[in-house]
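Working notes, structure below.
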Amino acid sequence: MLPKAVLQRAQAELLDWNGTGTSVMEVSHRGSDFMKLARKSEQDLRTLLSIPDNYKVLFMHGGGRGQFFTVPMNLAKRGNIASHLVSGEWSKIAVQESAKYLQTEVLAENSLIDGVVKAPSLNDCKVSPDSAYFHYCSNETVNGIEIFDRPAFGDTPVVVDMSSNILSRPLNIEDYGIIYAGAQKNIGPAGLSIVIVREDLVGLEREDTPAVFSYKEQVANFSMYNTPPTFGWYLAALVFEWLLEQGGLAAIEQHNIRKCDTLYKFIDNSDFYSNNIHESNRSRMNIPFLLANSELDEHFLAQSHKEGFHALKGHRFVGGMRASIYNAMPQEGVDALVEFMREFERTQG
Ligand SMILES: *Cc1c(COP(=O)(O)O)cnc(C)c1O
383 MLPKAVLQRA QAELLDWNGT GTSVMEVSHR GSDFMKLARK SEQDLRTLLS
433 IPDNYKVLFM HGGGRGQFFT VPMNLAKRGN IASHLVSGEW SKIAVQESAK
483 YLQTEVLAEN SLIDGVVKAP SLNDCKVSPD SAYFHYCSNE TVNGIEIFDR
533 PAFGDTPVVV DMSSNILSRP LNIEDYGIIY AGAQKNIGPA GLSIVIVRED
583 LVGLEREDTP AVFSYKEQVA NFSMYNTPPT FGWYLAALVF EWLLEQGGLA
633 AIEQHNIRKC DTLYKFIDNS DFYSNNIHES NRSRMNIPFL LANSELDEHF
683 LAQSHKEGFH ALKGHRFVGG MRASIYNAMP QEGVDALVEF MREFERTQG
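Numbering (our numbering), first residue to last: 383 to 731.
This is the structure:
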């Protein structure tokens with residue numbers, strides 16, 4: 383979901399962007415108008431996340447999965463072993479992709495105790511001393527598992543897939559070597575990926591790394607080695623401005639906590655709906671839930687769709703339902719969903 387104000391602005395300036403008499407999709411990415419947008423968007427992202435000067439910000443192609451191979455290729459000169467935590471579907475796929483390039487060790491996986499799923503504690507993971515980096519996913523979009531621990535791995539750089547919770551709360555950037563995110567969950571349209579990389583991790587790529595996916599080339603060319611996904615970048619820029627207008631990430635975090643509390647409280651107080659993720663790992667962005675009687679699933683989905691609730695079907699890997707309540711989802715959207723769920727339980731339960 384994108385903020386309505388952002389979509390309205392994009393609509394209003396679609397045919398004449400910035401007084402150019404053309405759309406943003408038609409201007410040269412190297413022209414002064416687009417370069418100005420690019421610089422400002424990077425500055426806004428730096429402000430939002432308090433990104434220190436020794437970190438580079440890249441706007442790349444290839445979404446989240448694109449980084450699953452881009453990271454091992456670009457860090458290959460740090461060593462042959464990549465250490466991974468697996469906490470759900472996305473981190474599992476990251477392991478498969480990494481194993482094509484580096485020896486990839488899985489340090490820990492989730493536990494299931496009394497029907498409750500819990501992710502391992504981040505800092506209990508023992509990384510091999512000669513590991514090139516430690517990789518994890520801070521929000522498992524499919525499973526609804528979020529990891530809130532601050533990583534501390536000494537000299538081993540931490541690489542994190544934040545595709546589905548980036549910009550949902552403030553971060554301490556210096557805890558990480560590389561933060562990456564496919565844009566389409568919490569930033570903008572699909573295709574764009576944002577990469578925040580510490581300077582000393584640039585230039586360690588394999589010789590055969592394609593230039594388009596080389597951090598070194600992209601840093602040297604201000605993310606314009608090839609034509610960047612310009613419309614995605616433009617919308618991301620509007621979303622960054624919108625986030626600043628909302629009061630920045632501390633304000634957004636409060637808003638997100640309030641939204642997810644509303645939904646989890648309702649689910650926990652009901653015997654009709656359930657969520658089996660340990661309290662310490664409950665995602666603020668993606669809230670999966672099951673109906674006590676799964677025979678009602680199809681009816682629930684059809685009925686909710688009719689009333690204007692979209693994309694409530696759980697991911698095909700896990701089934702059930704899932705409410706994705708990214709930054710742009712207003713509190714009223716969550717309140718309306720709870721009202722719908724209450725009424726469904728009353729009439730069908
Ligand atoms: C969606 C998602 C991806 C994959 O993103 P694509 O842009 O489809 O490649 C990777 N990681 C996480 C956590 C995601 O939510």
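We treat Cβ as the ideally placed atom computed from N, Cα and C, and that holds for glycine.
Check: What whole-angstrom Cβ distance do Y562 and M544 have, given they're in contact under 8 Å?
Finding: 7 Å
Checklist line | Proximity to S465 [Cα-Cα], best of E487, A420, K482, R447 | finding: E487
Check: Residue ranges of each beta strand (DSSP E) run of no fewer than 3 residues wholly in the segment 474-533, ordered along the chain?
Finding: 485-490, 493-495, 498-500, 513-519
Item checked: Coarse secondary structure for D582, derived from DSSP in three states -> helix
Margin query: Following a CB-centred definition, is N492 positioned closer than 8 Å to any heavy atom of ligand 1?
Written below: no
Margin query: Closest to A593 by C-alpha separation, out of H443, R391, V541, S480, would be which residue?
Written below: H443
Notebook entry, point to check: Apart from the five residues on each side of it in sequence, which residues of its chain come closer than 8 Å, Cβ to Cβ, to Y655?
Noted result: F648, I649, F671, L672, L673, A674, M723, E727
Check: Exposed or buried, T609, counting other C-beta atoms within 10 Å across all chains shown (16 or more means buried)?
Finding: exposed
Notebook entry, point to check: Any heavy atom of ligand 1 closer than 8 Å to the Cβ of W399?
Noted result: no
Check: Cβ of R704 versus every heavy atom of ligand 1: is any distance shorter than 8 Å?
Finding: no
Check: Which partner residues does K438 have in the DSSP bridge list?
Finding: V579
Margin query: If you measure between the beta carbons of I560 and I578, is that distance less than 9 Å?
Written below: yes
Item checked: Beta carbon of L631 nearer than 9 Å to that of P552 -> yes
Margin query: With H, G and I counted as helix, E and B as strand and the rest as coil, what does DSSP make of N456?
Written below: helix
Check: If you run the structure through DSSP and keep just helix, strand and coil, what is L703?
Finding: First, the amino acid is wrong: residue 703 is Met here, not Leu. M703: strand per DSSP, three-state reduction.
Checklist line | Collapsed DSSP secondary structure at G444 in the structure displayed | finding: coil
Margin query: My output table needs one value for Y708: the three-state DSSP class, helix, strand or coil.
Written below: coil
Note to self: If you reduce the DSSP assignment to three classes, tell me which class D590 lands in.
What the structure shows: coil
Item checked: Minimum C-alpha distance to G629 - residue among S410, V509, D426 -> D426
Item checked: Top-ranked residue by Cα proximity to G573, from L389, V720, G445, V406 -> G445
Checklist line | T612 and F416 closer than 9 Å at C-beta | finding: yes
Check: Are the segment 595-603 and the segment 383-399 in contact at 8 Å, needing three or more beta carbon pairs?
Finding: no
Check: In its own chain, which residues sit with a C-beta less than 7 Å from the C-beta of M711, not counting the 5 before and 5 after it?
Finding: M383, K641
Next item on the list: May I ask you to check if the CB of D543 is nearer than 8 Å to at least one heavy atom of ligand 1?
Entry: yes
Note to self: For a test of your reading of the model: does the CB of T523 fall under 8 Å from any non-hydrogen atom of ligand 1? Yes or no.
What the structure shows: yes
Notebook entry, point to check: When DSSP labels each residue in this structure, what does L672 get in the three-state scheme?
Noted result: strand
Item checked: Coil, strand or helix - R698 by DSSP -> coil
Item checked: Bridge-paired residues (DSSP) for L467 -> A490
Check: Would you say P454 and K482 are within 9 Å of each other, going by their C-beta atoms?
Finding: yes
Check: Does any heavy atom of ligand 1 sit closer than 8 Å to the C-beta of K567?
Finding: yes
Checklist line | Option in S410, N658, Y646 with minimal Cα separation from V720 | finding: Y646
Margin query: Given this structure, state the Cα-to-Cα distance separating I433 from I555, to the nearest angstrom.
Written below: 6 Å
Note to self: Below 8 Å, is the gap between the Cβ of R447 and the nearest heavy atom of ligand 1?
What the structure shows: yes
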